[in-house]
Amino acid sequence: MPMAAALTWALGKWRLIGLAFLLALLGLQTVRLADQRAETAAARKDLADYRATAAESGRLAERAARNTEQTWRSRVDGVIQDGREQVATARADAATAAAGQRRLRDQLAVYRAAVRAATAAPAAATGGAPAADPLDLLADLFGRADARAGELARIADERGAAGATCERWANATEP
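Structural data, given as structure tokens:
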């Protein structure tokens with residue numbers, strides 16, 4: 511009967527046993543809840559760390575992009591300035607060449623006038639066609655050819671400088 515005595519005792523104490531069982535379940539649930547809260551807090555901390563890292567990475571990437579853009583901009587500005595200087599030099603050279611051309615034409619005009627005066631003199635009149643006509647033709651042809659050559663040289667210099675500037679601009683913007 512010891513079993514019967516234990517059973518009788520348990521039936522008499524069922525409220526205490528039930529209460530002890532409920533307290534044990536409540537304690538177990540409290541431990542599980544504390545574990546879940548700790549896991550949630552750790553997950554929140556990990557998420558906050560991830561967000562902070564992502565934000566810092568974004569700031570660093572933006573700063574790097576700005577630095578790259580500023581580098582390209584300074585390179586391009588330098589290329590543009592060099593191109594402007596080359597075009598200005600080409601124009602100055604063309605102006606110098608045009609001035610030389612004008613001086614040459616003036617000298618040719620003086621020479622032509624001297625030839626005309628010499629051929630118009632009565633001592634030089636030996637018959638035949640006047641010498642000034644072929645000279646005028648040659649002077650005119652030379653003047654036109656020289657003017658066209660100067661114009662083509664100016665255009666070539668300006669376009670060459672612009673093309674070189676464009677190439678340097680493209681090279682300056684390569685990553």
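Here the sequence shown is numbered in the working numbering, starting from 511 and rising by one per residue. We put the CB at the ideal spot given by N, CA and C, even for glycine.
Are residue i and residue j touching if we call contact CB-CB under 8 Å?
i	j	result
A682	V586	yes
V625	L647	no
A663	A602	no
R613	A649	no
Q611	G670	no
A565	D667	no
G653	R678	no
Indicate, with yes or no, if the ligand ATP has a heavy atom lying under 7 Å from the CB of residue i.
i	result
W519	In the structure shown, the ligand ATP is absent, as is every other ligand, since no ligand is present at all.
When you compare each of the options to residue i by their alpha carbons, which one comes out closest?
i	options	result
G588	T675, L517 and A564	T675
A600	G522, A672, V625 and T518	A672
L618	Y560, E549, A515 and D656	D656
E684	E579, T629, E595 and V620	E579
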